[in-house]
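**Student:** Counting from -4, one number per residue, gives the positions in the sequence shown under the working numbering. Note that beta-carbon positions come from the ideal geometry of N, C-alpha and C, so glycine has one too. Just so we're clear, the structure is a prediction, and the values are computed from it rather than from any experiment.
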Amino acid sequence: MRRFFVAILFPLLLGIVPISQAASTSVVRTFHLKHRSVGEVSQVVQGLLSAQGSLTVHPRSGVLTVQDTPGTVRMITEILKEIDVTPPVYRVEVRLLEATNHPRRDGTAQPALDPRIVRMFHFKAYRLLARTTLEWDQPGPISADLGGGYQLRARALARRLGNGTPVTLQVKTGPGKPKVKAATPIPALGANDLLMAWKLGGRNLLRSLLHVHRVVLENLSLTARKGRSGGSTEVLRSNVVLSPSQRIVLAASPDEHSQKALILLLRALPVRQGAAH
């Protein structure tokens, strides 16, 4: 009987060890989000969990509870420090120029222009009509009154978090014609992107990835008012995708032999961190 008892007890003790070790490799941490929505962040966190991890979402209180290995929870903690910040304010500098082949005689100074722009159009004289900065921290319509009867409108977008599909632009090529769709090279920033950045370069590379902002001005439209009581006519329409510090030049003229044109200069400015709401 004694030999039989020892033979049974030994395998039971072996079974106890893995259970206690498994319990020691799992930790729980609760995150209170201050600036990002739970739905947006939970998509990313779900993709960062290990095979044994779990995520509990509390939408009303803005809380995420993560249970996973210590290394995974530590990684998620550092990533959320970079994600859960006030939304960035995207900025695009806009300059509207009038270009002509008739030299100005009113003594107005020529605006400082990139020599490449001068070589591109070969006009003899340029006049600055308006200069402003577009700013937004949420996707949606934006507009700017440029003065002189000119109005600029667009739908402003920027890179997003989550596992969504790329932003799809829609452009109407003419009155009564259907809209043409074209996918932009700005997919949502998902868990796989953040995970790869963390593995390759830690928090520094992760921060760099999150701070590379590309913006879209969808259906950018420049209109000109006809007289004081007349309607408006559209001068140009385009989709614009801007990388950091990139410049884009758009021109509009009645025809390629015209002696006069409007030139729209767009430049992406460094984003700034928004104020807490």
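Just to confirm the assignment, what range does the beta strand (DSSP E) spanning arginine 126 have?
**Tutor:** 120 to 131
**Student:** If we count Cβ pairs, one from each stretch, closer than 8 Å, do we get three or more for the stretch 76 to 95 versus the stretch 136 to 152?
**Tutor:** When Cβ pairs closer than 8 Å are counted between the two stretches, the stretch 76 to 95 is seen to touch the stretch 136 to 152, the count reaching three or more.
**Student:** Could you give the distance in angstroms between the alpha-carbon of alanine 125 and the alpha-carbon of arginine 24?
**Tutor:** 52 Å
**Student:** Between Leu44, Gly34, Ser32 and Arg122, which has its C-alpha nearest asparagine 187's C-alpha?
**Tutor:** Leu44
**Student:** Please work out which residues of its chain come closer than 7 Å, Cβ to Cβ, to arginine 154, disregarding the five sequence neighbours upstream and downstream, and give them in chain order.
**Tutor:** Ile181, Leu184, His208 and Arg209
**Student:** Indicate the three-state DSSP secondary structure (helix, strand or coil) for serine 216 in the structure shown.
**Tutor:** strand
**Student:** Could you pull out every residue in the same chain whose Cβ sits closer than 6 Å to the Cβ of glycine 142, ignoring the five residues on either side in sequence?
**Tutor:** Ala125
**Student:** Classify glutamate 229: buried if its beta carbon has 16 or more other beta carbons within 10 angstroms, exposed otherwise.
**Tutor:** exposed
**Student:** Is there contact here, the stretch 72 to 82 with the stretch 29 to 43, by at least three beta-carbon pairs under 8 Å?
**Tutor:** yes
**Student:** If you draw a straight line from the alpha carbon of glutamine 268 to that of valine 84, how long is it in whole angstroms?
**Tutor:** Cα to Cα, glutamine 268 sits roughly 6 Å from valine 84.
**Student:** Do the CB positions of leucine 123 and proline 106 come within less than 8 Å of each other?
**Tutor:** Cβ atoms of leucine 123 and proline 106: closer than 8 Å.
**Student:** Please identify the residue among Phe26, Ala46 and His27 whose C-alpha is closest to the C-alpha of threonine 20.
**Tutor:** Nearest of Phe26, Ala46 and His27 to threonine 20, Cα basis: Ala46.
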